[in-house]
Amino acid sequence: MTATTASAEPTRRDFLYIATATAGAAALAASVWPLVSQMNPDQSTIAAGAPIEVDLTPVAEGQVIKVFWRGKPIFIDHRTPKEIKEARDVDWHTLPDPQSDEARVKEGHDQWLILIGICTHLGCIPLAHQGDYDGWFCPCHGSQYDTAGRIRRGPAPANLALPPYAFLSDTKIRIG
Ligand code: FES
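Here numbering that gives the first Met the number 0 is used: the first residue of the sequence shown is 0, the next is one more, and so on.
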């Protein structure tokens, strides 16, 4: 019945913290962050692994929001054309964990990058829009991911993982 919020980067404005809440439940916002409540199963059901649905309408281009699914932070990144171009201009065959940008998004929804927000090194939560690749930076040991969430530098051995998800419409996804 309660909303779930977390704070990983309290000085950044481009993070929204999204609560997953039951219908009619009050949502709690982390101090300065805008909040978007979601109509979803109750917390115990979600914790047990139920899928969650997320409305993408409030997520402006260039913004990243965070939701929780199965207790894990999920980053939802509304990428700009520049970020998509940067992700696609690189020769992905040369990357530490080779994967094309196209393989990490859903066709026709290339602007939406959906990631499990857990560093593949030792599990810290990376920060968005930081690092040399303007993607994700893990403050724990300095791993840097690009705008496709691919590891580019640092000790992390693999790209940020992708959760199972599907588009229900152009503006709504189901995770899980
Ligand atoms: S946990 Fe992210 S770099 Fe070590």
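Glycine is no exception: its CB is placed at the ideal position from the N, C-alpha and C atoms. Keep in mind it's a predicted model, so treat the numbers as computed, not measured.
DSSP places I113 in the strand class (E or B) of the three-state scheme.
Proximity to L121 across V104, P50, A127, G153 peaks at G153, based on C-alpha coordinates. Its Cα nearest to that of A155, the residue T119 stands out among T119, T170, A165, D133. In terms of Cβ geometry, H77 and F166 do not form a close pair [threshold 7 Å]. In the structure shown, D88 adopts helical secondary structure according to DSSP, grouped into three states.
D145 places its beta carbon 7 Å or farther from that of Y164. Taking 6 Å as the cut-off, one finds at least one heavy atom of the ligand FES near enough to the beta carbon of L121. In this structure, the straight-line span from the alpha carbon of I83 to that of I117 is close to 21 Å. Straight-line measurement puts the Cα of D54 at about 33 Å from the Cα of L94. In this structure A86 is in contact with A147, their Cβ atoms being roughly 4 Å apart against a cut-off of 8 Å. Looking at the backbone, the Cα of P97 and that of T56 are separated by about 31 Å.
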